[in-house]
Structure formats: structure tokens, C-alpha cells
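Step one of this worksheet: look at the structure below.
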Amino acid sequence: METHNMRLRLEVFQPEAVWKLLDIQIICATIEFSTATVTLADADGKEHCACSRGTCPVKSAFKAVDLIVKEPMTLLEYSMDTATEGTDAIATTRVLVRGNALTGEEVQRNFSGTGARMNVVVSGLEAYIEALNKMLDFKEKFLLKTSKSLPE
Numbered sequence: 001m002e003t004h005n006m007r008l009r010l011e012v013f014q015p016e017a018v019w020k021l022l023d024i025q026i027i028c029a030t031i032e033f034s035t036a037t038v039t040l041a042d043a044d045g046k047e048h049c050a051c052s053r054g055t056c057p058v059k060s061a062f063k064a065v066d067l068i069v070k071e072p073m074t075l076l077e078y079s080m081d082t083a084t085e086g087t088d089a090i091a092t093t094r095v096l097v098r099g100n101a102l103t104g105e106e107v108q109r110n111f112s113g114t115g116a117r118m119n120v121v122v123s124g125l126e127a128y129i130e131a132l133n134k135m136l137d138f139k140e141k142f143l144l145k146t147s148k149s150l151p152e
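Here you go:
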């Protein structure tokens, strides 16, 4: 029961947005790599843009975000469902990521994000950015807490 309550608290946790999606442009290809150009705004509102190629539109978009943010993390899970039917269906996407320590080792804490849009790439990207923001917020608070507890 304690684990379930802990998961519930973590799912409800909504961090301050460090990064916000402003724009995405995707070029899909059947034979070649897909290309994504992503524009994010940081906490100060400054725009950052990156372009990346990947084996699918979602992967190329995630890689573009990684180029901007420069925060190592591992994608553990990517799942998508539709809330409605038809060509204008809403895609609900959930991602689960794990941050990496500065040493390159994985930190044993997972962060989830969800997105819901008609465009499956945007839905996935919003979920990825939400999980990223949770991870960064946790990391900042953890480092702040740790630095306060260190002897001077």
C-alpha cells in the first residue's frame, strides 16, 4: 500500500516548467530518416532550437529536445492510446524516463509525463518534456536540500 501511495504522490506532482514546447516541425520519410526541428523556451523565456534525425518522427523529436536541454536521461517506456475514434482522435501518450548521474550512471528514480493531442508526435513530445521537467525540478530540490545539509 505504501508503494501505491508513493506512486500516486509522484504522479500528482507537477513541477514548475523549466522547459516549454513552443514549436515543432517534422519531416517524415518512408526510406530515409525523419527530421524534427524543435523550439523550446527555458524558464526565462529564451528560445532554443535544435534539429535532429531519427528512425521515426517521435525519436527525432526526442533527440532534438536532448540536444537543447543537455540533460542525460534514458527513455524507459513509451505508450500511447486514443481517447476518441476517427481521424481526429486524441492521442494520449505516457513516457517514463530515468535520469543519469553526472558520472553517467543511472539514478534509480523514474519520472513520468503525459501528453494529449491530435498529433501523436506533439502528444509524445509534451509527455517527454513533462517528465524532463519533473526530473529537473526534483534534481534541483534534491541538490538544494543536500547542499544545506553539508557541514561548512
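Under full-length UniProt numbering, think of the first position of the sequence shown as 1, with each following residue one higher.
For glycine and all other residues, C-beta sits at the position ideal for the given N, C-alpha and C.
- If you draw a straight line from the Cα of Asp-81 to the Cα of Leu-125, it is about 15 Å long.
- In the three-state scheme derived from DSSP, where H, G and I count as helix and E and B as strand, Met-80 is classed as strand.
- Judged by DSSP in its simplified three-state form, Val-121 adopts helix.
- Apart from the 5 residues on each side of it in sequence, Phe-111 sits with its Cβ closer than 6 Å to the Cβ of Val-97, Ala-131, Lys-134, Met-135 in its chain, given in chain order.
- Counted as a single uninterrupted DSSP element, the beta strand (DSSP E) harbouring Lys-20 occupies residues 20 to 27.
- In terms of Cα proximity to Arg-109, the closest of Ile-27, Val-122, Gly-99, Leu-40 is Gly-99.
- The DSSP-derived three-state label of Ala-91 is strand.
- In this structure, DSSP gives Phe-111 an extended state, which the three-state scheme calls strand.
- Burial state of Phe-62 is buried, judged by a 10 Å Cβ sphere holding 16 or more other Cβ atoms.
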